[in-house]
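Mapping of the sequence shown onto full-length UniProt numbering: position 126 corresponds to residue 126, and the numbering continues sequentially without gaps.
Even for Gly, the Cβ is constructed at its ideal location relative to N, Cα and C.
These numbers were taken from a predicted model, which means no experiment stands behind them.
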Amino acid sequence: MNQIYEKLKRCVADIRGKTEFQPDLALVLGSGLGDYAEEIDIVAAVDYKDIEGFPQSTVAGHKGRFVFGYVKEVPVVAMQGRVHYYEGYSMSDVVLPIRLMGMLGAKTVILTNAAGGVNFDYRPGDFMLLTDHITSFVPSPLIGPNMEELGIRFPDMSHVYDEGLQKIVKETAGKLDIKIKEGVYVQLTGPNFETPAEIRMCRTLGADAVGMSTACEAMAARHMGMRICGISCITNMAAGMLDAPLRHEEVQEVADRVENQFRGLVTEIIERIGKE
Numbered sequence: 001m002n003q004i005y006e007k008l009k010r011c012v013a014d015i016r017g018k019t020e021f022q023p024d025l026a027l028v029l030g031s032g033l034g035d036y037a038e039e040i041d042i043v044a045a046v047d048y049k050d051i052e053g054f055p056q057s058t059v060a061g062h063k064g065r066f067v068f069g070y071v072k073e074v075p076v077v078a079m080q081g082r083v084h085y086y087e088g089y090s091m092s093d094v095v096l097p098i099r100l101m102g103m104l105g106a107k108t109v110i111l112t113n114a115a116g117g118v119n120f121d122y123r124p125g126d127f128m129l130l131t132d133h134i135t136s137f138v139p140s141p142l143i144g145p146n147m148e149e150l151g152i153r154f155p156d157m158s159h160v161y162d163e164g165l166q167k168i169v170k171e172t173a174g175k176l177d178i179k180i181k182e183g184v185y186v187q188l189t190g191p192n193f194e195t196p197a198e199i200r201m202c203r204t205l206g207a208d209a210v211g212m213s214t215a216c217e218a219m220a221a222r223h224m225g226m227r228i229c230g231i232s233c234i235t236n237m238a239a240g241m242l243d244a245p246l247r248h249e250e251v252q253e254v255a256d257r258v259e260n261q262f263r264g265l266v267t268e269i270i271e272r273i274g275k276e
């Protein structure tokens with residue numbers, strides 16, 4: 001049997017030995033949403049380090065655990081701290097948490113992140129609804145023997161981000177008087193910020209925001225048939241767009257500034273999805 005799938009099964013068994021909670025929705029908490037667990041009526045929490053073979057998040061501010069519980073009566077599993085390709089993990093390990101949450105029962109996933117603005121109409125603090133993505137610069141998580149238990153060999157990627165969920169996000173943002181952009185996210189490897197020339201390239205290719213995560217997770221989730229919603233918090237303008245160097249501290253500062261607004265938006269979205 002496929003070694004990656006065997007590892008997934010062991011991780012599922014490890015978690016099931018700690019909680020039988022059945023989530024309907026999975027949530028990946030990016031920079032600025034790490035404390036969203038305060039919004040969850042927690043039933044159980046499982047640290048990544050307590051799951052055999054599970055990759056550990058090494059980024060400051062990423063707590064590294066799964067939180068199981070309810071948001072507005074919707075059963076959710078939240079990932080506090082994601083794993084990035086730039087941390088040195090294989091792409092199969094990077095998307096292992098997404099696949100794991102799907103195997104635990106989640107049919108819908110909300111992916112959040114902090115991203116750099118590539119579109120000149122964007123400003124730090126804006127939110128962007130992902131309508132599509134570009135992953136050509138990172139390895140596909142589907143490379144290698146296909147896991148038929150998860151999905152087909154050649155999955156369609158015409159509509160990665162569910163249009164029904166996009167409608168919910170836009171309506172919810174309007175209700176909360178939150179302006180939200182719509183655009184294309186491009187994932188690069190990191191951990192270095194991009195050069196001005198690379199950002200010009202991304203803009204030429206049609207990207208509106210750039211980051212170091214999310215799109216590969218969306219691809220793995222789509223392979224499994226999950227419904228996907230992606231939201232970026234634009235925390236900085238990308239390289240060469242402003243006459244200032246890029247700093248991770250700036251990313252965190254902007255993410256922290258809009259955290260309450262982001263948390264409110266995500267909570268309302270989850271409640272709407274739960275009523276479908």
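Contact set for residue i: own chain, Cβ-Cβ below 6 Å, skip 5 residues either direction
i: D208; result: V118, N119, G183, V184
i: Y122; result: I234
i: E271; result: K72
i: residue 277; result: An answer regarding residue 277 cannot be provided, because it is not within the stretch 1 to 276 covered by the chain.
i: M147; result: N2, Y5
Which residues DSSP lists as bridging residue i, in chain order
i: residue 358; result: Limits of the chain in this structure are 1 at one end and 276 at the other, which puts residue 358 out of reach.
i: E182; result: L129
i: R65; result: D47, Q80
i: S232; result: N113, M128
i: G211; result: Q187
i: D41; result: Y70
Helix, strand or coil at residue i according to DSSP, with G and I counted as helix
i: T112; result: strand
i: T131; result: strand
i: P75; result: strand
i: N260; result: helix
i: T267; result: helix
i: M237; result: strand
i: A244; result: coil
i: I152; result: coil
i: Y36; result: helix
i: R82; result: coil
i: Y70; result: strand
i: Q252; result: helix
i: G164; result: helix
i: L29; result: strand
i: R227; result: strand
i: M157; result: coil
i: E194; result: coil
i: L104; result: coil
i: G174; result: helix
i: I273; result: helix
i: T58; result: coil
i: T204; result: helix
i: S136; result: coil
Cβ-based neighbour list, residue i, same chain, cut-off 8 Å, excluding 5 preceding and 5 following
i: M212; result: H84, Y85, Y86, Q187, L188, T189, G190, P191
i: I42; result: V67, F68, G69
i: V74; result: D24, L25, I270, E271, I273, G274
i: R200; result: G240
Status (buried if at least 16 other CB within 10 Å, exposed otherwise) for residue i
i: E268; result: buried
i: P124; result: buried
i: T204; result: exposed
i: P245; result: exposed
i: A13; result: exposed
i: Q80; result: buried
i: D243; result: exposed
i: S136; result: exposed
i: I143; result: exposed
i: D126; result: buried
i: G230; result: buried
i: residue 295; result: Only positions 1 to 276 of the chain appear in the structure, and residue 295 is not among them; the question remains open.
i: A145; result: Correcting the residue identity first, residue 145 is Pro in this sequence and not Ala. Exposed, because fewer than 16 other Cβ atoms sit within 10 Å of the Cβ of P145.
i: G164; result: exposed
i: D177; result: exposed
i: R247; result: exposed
i: G30; result: buried
i: G206; result: exposed
Beta-carbon proximity list for residue i, same chain, < 7 Å, skipping 5 on both sides
i: N260; result: none
i: A202; result: Position check: residue 202 holds Cys in this sequence, whereas Ala was assumed. Cβ within range, chain order: V118, V186, V210.
Any non-hydrogen atom of the ligand HEM within 7 Å of residue i CB
i: P245; result: In the structure shown, the ligand HEM is absent, as is every other ligand, since no ligand is present at all.
is_contact[residue i, chain C] using C-beta, thresh 8 Å
i: D50; result: In the structure shown, chain C does not exist; there is a single protein chain.
State whether the stretch 88-95 contacts the stretch 193-202, with contact taken as three or more CB pairs (one from each stretch) at a distance under 8 Å. no
Within the chosen definition, does the stretch 24-41 reach the stretch 98-105 through at least 3 CB pairs nearer than 8 Å? yes
Does the stretch 46-56 touch the stretch 149-159, meaning 3 or more C-beta pairs lie closer than 8 Å? no
Touch test, the stretch 61-79 against the stretch 147-154, Cβ-Cβ under 8 Å, three pairs minimum: no
How about the stretch 237-253 and the stretch 215-225: do they share at least three Cβ pairs that are nearer than 8 Å? no
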